[in-house]
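> Residue numbers (our numbering), protein chains in the order written: chain A, 533 to 767; chain B, 533 to 767.
Cβ coordinates follow ideal geometry from the N, Cα and C atoms, glycine included.
There are 2 protein chains.
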Amino acid sequence: MNLLLLEDADFVAADRAILRDRRLHHLQEVHRAQAGDTLRVGRLDGAMGQGELLRLDAGEAELRLTLDRPPPAKLPLTLLLALPRPKMLRRVLQTVAAMGVPRLVLLNSYRVEKSFWQTPFLEPAAIREQLVLGLEQARDTRLPEVLIEPRFKPFVEDRLPALAAGSLGLLGHPGEHPPCPRAVEGPVTLAIGPEGGWIPYEVEKLAAAGLAPVQLGERILRVETAVTALLARLF
Amino acid sequence: MNLLLLEDADFVAADRAILRDRRLHHLQEVHRAQAGDTLRVGRLDGAMGQGELLRLDAGEAELRLTLDRPPPAKLPLTLLLALPRPKMLRRVLQTVAAMGVPRLVLLNSYRVEKSFWQTPFLEPAAIREQLVLGLEQARDTRLPEVLIEPRFKPFVEDRLPALAAGSLGLLGHPGEHPPCPRAVEGPVTLAIGPEGGWIPYEVEKLAAAGLAPVQLGERILRVETAVTALLARLF
Numbered sequence: 533m534n535l536l537l538l539e540d541a542d543f544v545a546a547d548r549a550i551l552r553d554r555r556l557h558h559l560q561e562v563h564r565a566q567a568g569d570t571l572r573v574g575r576l577d578g579a580m581g582q583g584e585l586l587r588l589d590a591g592e593a594e595l596r597l598t599l600d601r602p603p604p605a606k607l608p609l610t611l612l613l614a615l616p617r618p619k620m621l622r623r624v625l626q627t628v629a630a631m632g633v634p635r636l637v638l639l640n641s642y643r644v645e646k647s648f649w650q651t652p653f654l655e656p657a658a659i660r661e662q663l664v665l666g667l668e669q670a671r672d673t674r675l676p677e678v679l680i681e682p683r684f685k686p687f688v689e690d691r692l693p694a695l696a697a698g699s700l701g702l703l704g705h706p707g708e709h710p711p712c713p714r715a716v717e718g719p720v721t722l723a724i725g726p727e728g729g730w731i732p733y734e735v736e737k738l739a740a741a742g743l744a745p746v747q748l749g750e751r752i753l754r755v756e757t758a759v760t761a762l763l764a765r766l767f
Numbered sequence: 533m534n535l536l537l538l539e540d541a542d543f544v545a546a547d548r549a550i551l552r553d554r555r556l557h558h559l560q561e562v563h564r565a566q567a568g569d570t571l572r573v574g575r576l577d578g579a580m581g582q583g584e585l586l587r588l589d590a591g592e593a594e595l596r597l598t599l600d601r602p603p604p605a606k607l608p609l610t611l612l613l614a615l616p617r618p619k620m621l622r623r624v625l626q627t628v629a630a631m632g633v634p635r636l637v638l639l640n641s642y643r644v645e646k647s648f649w650q651t652p653f654l655e656p657a658a659i660r661e662q663l664v665l666g667l668e669q670a671r672d673t674r675l676p677e678v679l680i681e682p683r684f685k686p687f688v689e690d691r692l693p694a695l696a697a698g699s700l701g702l703l704g705h706p707g708e709h710p711p712c713p714r715a716v717e718g719p720v721t722l723a724i725g726p727e728g729g730w731i732p733y734e735v736e737k738l739a740a741a742g743l744a745p746v747q748l749g750e751r752i753l754r755v756e757t758a759v760t761a762l763l764a765r766l767f
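#1: Is the beta carbon of leucine 585 of chain B less than 8 Å from the beta carbon of leucine 571 of chain B?
#2: From proline 608 of chain A to aspartate 672 of chain B, what distance separates their C-alpha atoms?
#3: Anything in the region 739-753 of chain A with a Cβ closer than 9 Å to a Cβ of chain B? List those residues in chain order, please.
#4: Can you find a C-beta in chain B that's less than 8 Å from the C-beta of threonine 760 of chain A?
#5: Am I right that arginine 635 of chain A and threonine 610 of chain A are in contact with their C-beta atoms under 8 Å? What's the rounded C-beta distance?
#6: Would you call aspartate 540 of chain A buried or exposed, if buried means 16 or more other Cβ atoms sit within 10 Å of its Cβ?
#7: Would you tell me roughly how many angstroms separate the C-alpha atoms of alanine 670 of chain A and glycine 591 of chain B, rounded to the nearest one?
#8: Terminal residues of the continuous beta strand (DSSP E) containing alanine 545 of chain A?
#9: Are the CB atoms of leucine 743 of chain A and tryptophan 730 of chain A nearer to each other than 8 Å?
#10: DSSP three-state call for glutamate 584 of chain A: helix, strand or coil?
#11: Using a Cβ-Cβ cut-off of less than 8 Å, give me the residues of the region 662-678 of chain A that come near chain B, in sequence order.
#12: Taking C-alpha atoms, which residue in B:Trp649, B:Ala605, B:Lys646 and B:Leu654 lies nearest to valine 633 of chain B?
#13: Excluding the 5 residues flanking arginine 751 of chain B on each side, which residues of the same chain have their C-beta closer than 6 Å to its C-beta?
#14: Excluding the five sequence neighbours on either side, which residues of its own chain have a C-beta within less than 8 Å of the C-beta of arginine 601 of chain A, listed in chain order?
#15: What in chain A is Cβ-close to alanine 590 of chain B, meaning under 9 Å?
#16: Specify the secondary structure class of arginine 671 of chain A as computed by DSSP and reduced to three states.
#17: Name the residue from B:Leu748, B:Glu717, B:Leu663 and B:Glu645 whose alpha carbon lies nearest to the alpha carbon of isoleucine 724 of chain B.
#18: Could one say the Cβ of arginine 643 of chain B lies closer than 8 Å to chain D's Cβ atoms, at least one of them?
#19: Using C-beta distances below 8 Å, list every residue in its chain close to serine 641 of chain B, excluding the 5 sequence neighbours before and after it, in chain order.
#20: How should glutamate 736 of chain A be labelled, buried or exposed, when 16 other C-beta atoms within 10 angstroms of its C-beta is the threshold for buried?
#21: Going along chain B, which residues have a C-beta under 9 Å from arginine 714 of chain A?
#22: For glutamine 560 of chain B, write down the residues that DSSP places opposite it in a beta bridge.
#23: Using the C-alpha atoms, what's the distance from phenylalanine 653 of chain B back to methionine 631 of chain A?
Quick look at the structure:
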């Protein structure tokens, strides 16, 4: 936790917050914080700054806040991801939030097992929990928007063209494609497939919606690693 | 498992191998392989190619092999990593192998907890197990070399200058440094710090050994994510 993220409910005044949950335990057990310490803090979807720990006891911590800096810029990106398996989904959500992705679409694919759509990790509170962990890691305050699209064809045919309009559309896909471009300017729409990759029909449909296949070399990377590698190359 | 990796002990003839362990169960339960199937195979530290599954029963699988292709190229890189916490270490080892790092140095740092050096995940067999998982993921056969250096100063003063000689020396470190370069040519020596970063003394020592600080932006990334992001940017 490199940033203590405060929610609206934590505020008891414009410059005061009280913590009682996981973050309190983290302050005590990991940071070994003490009254008088100054911590990096941010308000969820708001500004960042410093928090002075006025008091800290077994039940709660009280902070005096100076929130005077904007959070870091987000990437100009819409990321489409074939829904990963539940365990990977949690890590990917953290990575996506940490890397500064502002909008994530979790999309169906032929190679996404149907059972993945039943995971409790897709519930809004579970998604939000992982995103918050990623923001705390990276020192950001703004939650990415997450869209859940369990039907590939209607999303790609009816909604994707408008979402991708005006952006550089790319499809990460192993094979004989141009290499992923580096240091692009302007907005990007990037789709990353499931383990085993998109099937040819899906590649065709995504290409028809404006996403051109690019590759990262012969090595097959896990989804989480591929997301990080593609974003680090692109931006 | 995108590549079935065979060890010398699996071979019963130059073009035949018999499997009995984890890989047999994986073939049966994940791949649902059947006699007659053709699989991607590689020989550890050797060539890659195809394996025809001659038979598969509860106790063993027999393969006829055609190993006629070299594994993918490695990155021209020596990666120095402050020893991560044990759980992260396992994932980092997989990532390092999957990304094609040929040489990894696990190094001490002031911010590495002493207990991390006691983990059983540092035993050679445990390290090898994670590296093999990374190779299987990425379709590579060559194990990275892993050096364990629990003493920072003697390694950085006495051994690092020779290891880094003739390479571009870089030190991933948050702060006011030049951005990490892109698409470099030639060999690189890259050092990535612990959670919380290298301390100033360590930055000085690493700089004196020829490693120049570079940064990846304001966001603080987990070690595994930072490794992937820096390598994707550099190569």
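Reading from the atomic positions:
#1: Within the second sequence, the letter at position 53 stands for residue 585 of chain B. Within the second sequence, the letter at position 39 stands for residue 571 of chain B. Going by C-beta atoms, leucine 585 of chain B is nearer than 8 Å to leucine 571 of chain B.
#2: Taking the first sequence and counting its residues from 1, one reaches residue 608 of chain A at position 76. Taking the second sequence and counting its residues from 1, one reaches residue 672 of chain B at position 140. Whole-angstrom Cα-Cα distance: 34 Å.
#3: Using a CB distance below 9 Å, the part of the region 739-753 of chain A facing chain B consists of Leu748, Gly749, Glu750, Arg751, Ile752 and Leu753, ordered along the chain.
#4: The residue given as residue 760 of chain A occupies position 228 in the first sequence. Threonine 760 of chain A has a beta carbon lying within less than 8 Å of a beta carbon in chain B.
#5: The residue you call residue 635 of chain A lines up with position 103 of the first sequence. The residue you call residue 610 of chain A lines up with position 78 of the first sequence. Taking a contact as a CB-CB distance under 8 Å, the pair arginine 635 of chain A and threonine 610 of chain A counts as one, their CB atoms being some 5 Å apart.
#6: Along the first sequence, one-based indexing puts residue 540 of chain A at 8. Exposed.
#7: In the first sequence, counting from the first residue as 1, residue 670 of chain A sits at position 138. In the second sequence, counting from the first residue as 1, residue 591 of chain B sits at position 59. In this structure, the straight-line span from the alpha carbon of alanine 670 of chain A to that of glycine 591 of chain B is close to 48 Å.
#8: Counting from one through the first sequence, the residue named residue 545 of chain A turns up at place 13. Element bounds for alanine 545 of chain A: 543-545.
#9: In the first sequence, residue 743 of chain A corresponds to position 211, counting from 1. In the first sequence, residue 730 of chain A corresponds to position 198, counting from 1. No, the Cβ-Cβ distance between leucine 743 of chain A and tryptophan 730 of chain A is not below 8 Å.
#10: Numbered from its first residue, the first sequence carries residue 584 of chain A at position 52. Of the three classes helix, strand and coil, the one that applies to glutamate 584 of chain A here is strand, per DSSP.
#11: Those residues of the region 662-678 of chain A placed with their C-beta closer than 8 Å to a C-beta in chain B are Gln669, Ala670, Arg671 and Asp672, ordered along the chain.
#12: Taking the first residue of the second sequence as 1, we reach residue 633 of chain B at position 101. Among B:Trp649, B:Ala605, B:Lys646 and B:Leu654, the Cα nearest to that of valine 633 of chain B belongs to B:Ala605.
#13: As a position in the second sequence, residue 751 of chain B is number 219, starting the count at 1. Within its own chain, no residue has a Cβ closer than 6 Å to the Cβ of arginine 751 of chain B once the five positions on either side in sequence are excluded.
#14: Here the question's residue 601 of chain A lines up with position 69 in the first sequence. Answer for arginine 601 of chain A: Ala579, Met580 and Gly581, listed in chain order.
#15: The count along the second sequence starts at 1 and reaches residue 590 of chain B at position 58. Chain A residues near alanine 590 of chain B: none, gap ~25 Å exceeds 9 Å.
#16: By one-based count along the first sequence, residue 671 of chain A stands at place 139. In the structure shown, arginine 671 of chain A falls within a coil segment according to DSSP collapsed to helix, strand and coil.
#17: Within the second sequence, the letter at position 192 stands for residue 724 of chain B. With distances taken between Cα atoms, isoleucine 724 of chain B lies closest to B:Leu748.
#18: Protein chains in the displayed structure are A and B, and chain D is not among them.
#19: Counted from its first residue, the second sequence places residue 641 of chain B at position 109. Excluding residues within five positions, the ones whose Cβ falls inside 8 Å are Ala614, Leu615, Phe684, Gly725, Pro726, Trp730, Ile731 and Glu734.
#20: Looking up residue 736 of chain A in the first sequence gives position 204. It counts as exposed.
#21: Translated into positions along the first sequence, residue 714 of chain A becomes position 182. Simply Arg714, Ala715 and Arg765.
#22: One-based indexing of the second sequence puts residue 560 of chain B at position 28. In the DSSP secondary-structure assignment, glutamine 560 of chain B is not bridged to any residue.
#23: Position 99 of the first sequence, counted from the start, is the residue given in the question as residue 631 of chain A. Position 121 of the second sequence, counted from the start, is the residue given in the question as residue 653 of chain B. In a straight line, the C-alpha of methionine 631 of chain A is about 28 Å away from that of phenylalanine 653 of chain B.
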